[in-house]
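All letters in the sequence shown, in the order written, are residues 1 to 476 by the numbering used here.
This report concerns only the one structure given below.
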Amino acid sequence: FIVEAMSELPGRKSMVVFSDSLPREDQEPVFRDRDGNVISAPFTTNYSYALNRIAERAIRNSTVIYAVDTQGLQYTGLTAADSIHVSSQGQINQEINNIISSRSNLIVQRREGADLIARQTGGFLVRNSNDFELDRILEDQSGYYLIGYRPTDETFNKTFHKIKARVKRSGMSLRTRFGFFGVSEEESDNLSRRTLTDKANLALMSPFGAHDIHLDLAALFGNDKALGSTLRSFVYLDAHDLTFTDDAEGAHIATLEISSILFGNNGAVADRQTSTLQVRLKGSSYEEALRDGFAVWFDLPVKRPGAYQYRVAVRDVTSSKLGAVGTFVSIPNLNNHRLTLSGIVLQKTSSPTTQTSTTPQQEISHSLAVRRYAPGSELRFGCVIYNAEVNPATSQPKLQLQARLYRDGKVVYTPPVMTVDASKAPDLARVATEGVVRLENKLEPGPYYLELVVTDELAKDKQQQAIQWIDFEIVP
């Protein structure tokens, strides 16, 4: 997925893969019943074809892969957890050797796949080290040569052709690609991109995005009683990047196609949607949009909890300009009844997290997506608290909210603790709250984080707190 997207970037590229287990093949263990009979025989999965395919795409895209074995330096000898049941000294030595050999082989097997794709693309594997050795990888970028040649027509026979290179000067080592498959560039592109039907899809799939339209994205988790869990997306657009046309009433109109896609942690598409929005601005609203930009917002239902990669692409229908942006989101499981916080909304008005719309809505306020504030201004936040315990005597939860401002990992301001008022909440399982943090004049410009910590004083200790955060920027 990443290698394919890197093909859109010009020149030589490098990728570093971190993994504690990337084998060439994987074998399921043998399962036996109490009598020793085999219930399930070992099953071997071979990943060589898939790994070679990755290496082939990387070679065609001028991408060198480095791999880091994050197992670190492992001890393979006996530990206190080992138990040896043998009678003679010879059997003891044999058993010890078997344990050491088995553990050593397992370490090697778990990094064979990473070693394969690194060596085939001209990179190397960092192994047996408690250091990621990124300095060594960066140093390796400082001196390299790209040598090419034009093969004959007979070369394109779809078989693998090895490449060998030698350095005559002594004291030098050489790493190069292993070779290439005799498939033309046109055939390769048709095979690898058969699912990318248009530029909007390519922008959605690529983690590097498109930049004809400048976008910023804020994706917030929320949950509605009727619709379930959703991602509320605020997408900021620079109005100067759009093409507006005028209607008879003097309004300025831009038509946008907004596509969103959600990838699961296995790279599979969990959900996607495409909608069309007509932005209609008139008078001062148009001037404000040109000056400050504007945001559109929409909801994407999420059926299952988990970690996702989320991407949004916006296409100007009139000019065909394209912009894309992405982020990682985590959808919690509310069915476990743990105290949970929704995403945080920073804004000037009341929290919109209680509304729901899957159709993009126009919002002439860039503070929702582009979170920039001046020293001395007020930072207004809103969120929803889920699964709070309720006191049977008062029929109310007992919640405390603590806000903190962070800069460079250090707390720079801690306002007083707030008591959450849930008396007007229509659903005590979803308590909406908001607050204000005043940004002191002495705060220096730069990136900051707002952290919210909610404490449920009626819940069990392990479920007592929920934490959420959002980044913003202080500008002069």
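Even glycine gets a Cβ: it sits at the ideal position worked out from N, Cα and C.
Here Y75 carries a coil assignment [DSSP, helix/strand/coil].
Contact between R404 and E451 holds: CB atoms are separated by about 5 angstroms, below the 8 angstroms threshold.
Using a Cβ distance threshold of 8 angstroms, M418 and G435 count as a contacting pair. Judged by DSSP in its simplified three-state form, D316 adopts strand. C-alpha of V108 to C-alpha of M15: approximately 22 angstroms in a straight line.
Between T327 and A219, the CB-CB gap stays under 8 angstroms. A direct Cα-Cα distance of roughly 29 angstroms separates A5 from D131. Each residue's CA atom was taken as its position, placing T76 and H214 some 52 angstroms apart. With distances taken between CA atoms, I258 lies nearest to V312 out of W469, V312 and G143. Between the C-alpha atoms of K303 and K225 there is a straight-line separation of about 13 angstroms. For R60, the closest alpha carbon among the candidates G148, F234, M205 and T455 is that of G148. Under DSSP, the beta-bridge partners assigned to M418 are L401.
Taking the Cα of R166 as reference, the smallest distance to any Cα among R177, T159 and N441 is reached at R177. When only Cα atoms are considered, G143 and R53 end up about 27 angstroms apart. In this structure, DSSP gives M6 a helical state, which the three-state scheme calls helix.
A459 is positioned such that its CB atom lies no closer than 8 angstroms to that of V384.
A Cβ-Cβ distance of about 4 angstroms is found for the pair I470 and I344, placing them in contact under the 8 angstroms criterion. Annotated as proximal: A388 and L428, with beta-carbon spacing under 8 angstroms.
The segment 158-172 makes no contact with the segment 285-304: fewer than 3 CB pairs, one atom from each, lie closer than 8 angstroms. A direct Cα-Cα distance of roughly 9 angstroms separates V420 from V454. Non-local beta-carbon contacts of G250 in its own chain, meaning distances under 7 angstroms to residues more than five positions away in sequence, involve K282 in chain order. In terms of CA proximity to T79, R103 leads the group N335, R338, N391 and R103.
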